[in-house]
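Undergrad:
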Ligand code: NAD
């Protein structure tokens with residue numbers, strides 16, 4: 003289905019937000035404990051200055067927000083009855099806020115209550131996506147909710163907020179951006195509009211990710227990555243993703259590996275599978291070759307160009323000290339064998355699998371997990 007929607011208004015920098023905040027009476031802020039305890043919520047609260055204005059902060063969000071957190075947030079928002087909701091943080095607080103607003107709106111009319119998302123990591127693109135990933139801890143499964151009603155009304159992109167992101171989180175979230183850009187470019191629902199966004203995101207990651215990783219105060223690189231994250235978010239929100247995300251959701255839920263890191267480890271193996279590097283070259287290989295050419299890595303053959311893009315992703319991982327395999331990420335052989343079946347089942351059922359460019363079976367997914375467990379080099383043979 004060819005479609006392209008863009009609901010969220012984007013504000014770059016904080017000036018527009020400051021003006022908006024002065025007009026609200028009851029602001030509900032969703033964030034995590036670090037943001038609150040480090041005083042970063044002052045970014046918002048110092049401007050909630052209308053006479054009689056109040057705010058309430060829900061800061062119980064933990065990485066990979068779960069159903070209990072969303073339930074607690076829903077009861078707090080229903081009690082507070084805000085006239086604006088603001089999510090401040092990485093993908094975890096933004097996703098939690100999206101789910102809180104989504105479920106609370108079934109019990110209380112929030113139609114005139116603007117929802118503003120302010121990312122403090124450059125990774126998920128959640129500020130502009132129709133997705134919210136919520137974990138069922140009891141079942142060990144991450145569920146992507148997908149609905150237009152999850153789209154924030156405003157997104158604020160202020161790279162100043164990302165200066166303090168630790169090296170490891172810059173690396174993981176940056177590879178999340180690359181995965182969004184590549185998967186949305188090749189997936190079954192991609193069209194010219196979404197691909198334009200994916201292409202720009204790939205270029206920006208190539209230009210700025212290592213610079214942001216090496217120098218956290220490089221504001222040009224930080225803003226470049228913040229924009230890349232948002233562009234890739236808008237691309238996959240419209241086009242969808244693929245099995246790298248399905249497999250990363252399952253791996254993250256079962257082995258407790260950060261989302262961006264799980265994507266980073268799996269991406270080269272999934273790309274090799276989708277390109278048919280070990281068997282017959284696919285149409286997807288041609289798409290990878292297009293992206294390789296875009297960043298000056300094209301070669302004379304489609305196969306070599308696709309491999310060059312895969313090697314670029316692997317090189318980024320090495321340079322940013324991201325583990326090269328599931329084993330290197332700290333998962334023992336015994337644990338891996340125990341979780342392999344449930345992970346494969348969950349990845350196959352994940353909603354991102356439906357838009358993967360190549361049809362895959364449970365055996366295919368299991369084989370990719372096995373290659374990624376031991377850092378198999380077969381997938382990348384030139
Ligand atoms: P996160 O929100 O879990 O944050 C990771 C860590 O970074 C936390 O400890 C947080 O406190 C810290 N942090 C955040 N901003 C900081 C800052 N400015 N300075 C210092 N520390 C900071 O990580 P994330 O990668 O942004 O989000 C991951 C979540 O997003 C996962 O649950 C994933 O499944 C989900 N996700 C959602 C979408 C979507 O479209 N909705 C897409 C991809 C991923």
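In the numbering used here, the protein residues as written are 3 to 384.
Note that beta-carbon positions come from the ideal geometry of N, C-alpha and C, so glycine has one too.
Bear in mind the structure is a predicted one, so any value in this text is a computation, not a measurement.
Report the CB separation of residue 200 from residue 223 in whole angstroms; it is logged as a contact under 8 Å.
TA: About 20 Å separates the two Cβ atoms, so there is no contact after all.
Undergrad: Leaving out five residues on either side along the sequence, give the residues of the same chain with a beta carbon under 6 Å from the beta carbon of residue 204.
TA: 183, 293
Undergrad: Please confirm if the stretch 171–190 is in contact with the stretch 205–223, defined as three or more CB-CB distances below 8 Å between the two stretches.
TA: yes
Undergrad: Assuming contact is defined by CB atoms lying nearer than 8 Å, are residue 259 and residue 354 in contact in what I supplied?
TA: With respect to the 8 Å criterion, residue 259 and residue 354 are not classified as neighbours on the basis of their beta carbons.
Undergrad: Can residue 355 be considered in contact with the ligand NAD, in the sense that its beta carbon sits closer than 7 Å to one or more heavy atoms?
TA: no
Undergrad: Enumerate, from N- to C-terminal direction, the unbroken beta strand (DSSP E) stretches of 3 or more residues contained entirely within the stretch 223–295.
TA: none
Undergrad: For residue 217, count neighbouring C-beta atoms within 10 Å of its own C-beta (all shown protein chains included) and say buried if the count is 16 or more, exposed if not.
TA: exposed
Undergrad: Count the C-beta pairs between the stretch 158–170 and the stretch 310–320 that are closer than 8 Å, then say yes if the count reaches three, no if not.
TA: no
Undergrad: Have a look at residue 25 and residue 94 and give me their C-alpha separation to the nearest angstrom.
TA: 27 Å
Undergrad: DSSP on residue 369, reduced to helix/strand/coil?
TA: Assigned with DSSP and collapsed to three states, residue 369 falls in helix.
Undergrad: For residue 316, which residues of its own chain have a beta-carbon under 8 Å away from its beta-carbon, when the five flanking residues on both sides are left out?
TA: 270, 326, 382
Undergrad: What runs of the beta strand (DSSP E), each 3 residues or longer, lie entirely inside the stretch 50–129?
TA: For the stretch 50–129, the continuous beta strand (DSSP E) assignments of 3+ residues that do not extend past its boundaries occur at 56–63, 86–91, 117–121, in sequence order.
Undergrad: From residue 46 to residue 37, what distance separates their C-alpha atoms?
TA: 11 Å
Undergrad: Tell me, please, whether the CB atom of residue 78 is closer than 8 Å to any CB atom in chain C?
TA: Included in the structure is just one protein chain, with no chain C present.
Undergrad: Using a Cβ-based criterion (distance less than 7 Å to any ligand heavy atom), does residue 9 qualify as near the ligand NAD?
TA: No, the Cβ of residue 9 stays beyond 7 Å of every heavy atom of the ligand NAD.
Undergrad: How is residue 30 classed by DSSP in three states: helix, strand or coil?
TA: strand
Undergrad: By DSSP's criteria, residue 148 is part of a beta bridge. Which residues make up the other side?
TA: Bridge partners of residue 148: 133.
Undergrad: Who are residue 159's beta bridge partners in DSSP?
TA: 14
Undergrad: Following a CB-centred definition, is residue 261 positioned closer than 7 Å to any heavy atom of the ligand NAD?
TA: yes
Undergrad: Give the single residue among 112, 28, 70 whose Cα lies nearest to the Cα of residue 59.
TA: 28
Undergrad: Could you give the DSSP three-state label for residue 219: helix, strand or coil?
TA: Coil, per DSSP.
Undergrad: For a test of the three-state rule: what should DSSP assign to residue 352, helix, strand or coil?
TA: coil
Undergrad: Are the CB atoms of residue 254 and residue 266 within a distance shorter than 8 Å?
TA: No.
Undergrad: Would you say residue 89 and residue 79 are within 8 Å of each other, going by their C-beta atoms?
TA: no
Undergrad: DSSP beta-bridge partners for residue 143?
TA: 138
Undergrad: For the ligand NAD, is there a heavy atom less than 7 Å away from the beta-carbon of residue 350?
TA: no
Undergrad: Could you check if residue 163 belongs to the surroundings of the ligand NAD, using beta carbon to heavy atom distance under 7 Å?
TA: yes
Undergrad: Taking buried to mean at least 16 other C-beta atoms within 10 Å of its own C-beta, is residue 186 buried or exposed?
TA: buried
Undergrad: Within 10 angstroms of the Cβ of residue 129, are there 16 or more other Cβ atoms? Answer buried if so, exposed if not.
TA: buried
Undergrad: Taking just the CA atoms, how far does residue 288 sit from residue 280?
TA: 15 Å
Undergrad: Would you give the residue range spanned by the alpha helix (DSSP H) that residue 8 belongs to?
TA: Residue 8 -> no alpha helix (DSSP H), and no H or E assigned at all.
Undergrad: Could you say which of 43, 377, 34, 159 lies nearest to residue 16 if we only look at CA atoms?
TA: 159
Undergrad: What do you reckon, is the C-beta of residue 60 under 7 Å from a heavy atom of the ligand NAD?
TA: no
Undergrad: Would the beta-carbon of residue 249 fall within 8 Å of that of residue 367?
TA: For the 8 Å CB-CB criterion, residue 249 and residue 367 form a contact.
Undergrad: Measuring alpha carbon to alpha carbon, tell me which of 7, 131, 162, 154 ends up nearest residue 14.
TA: 162
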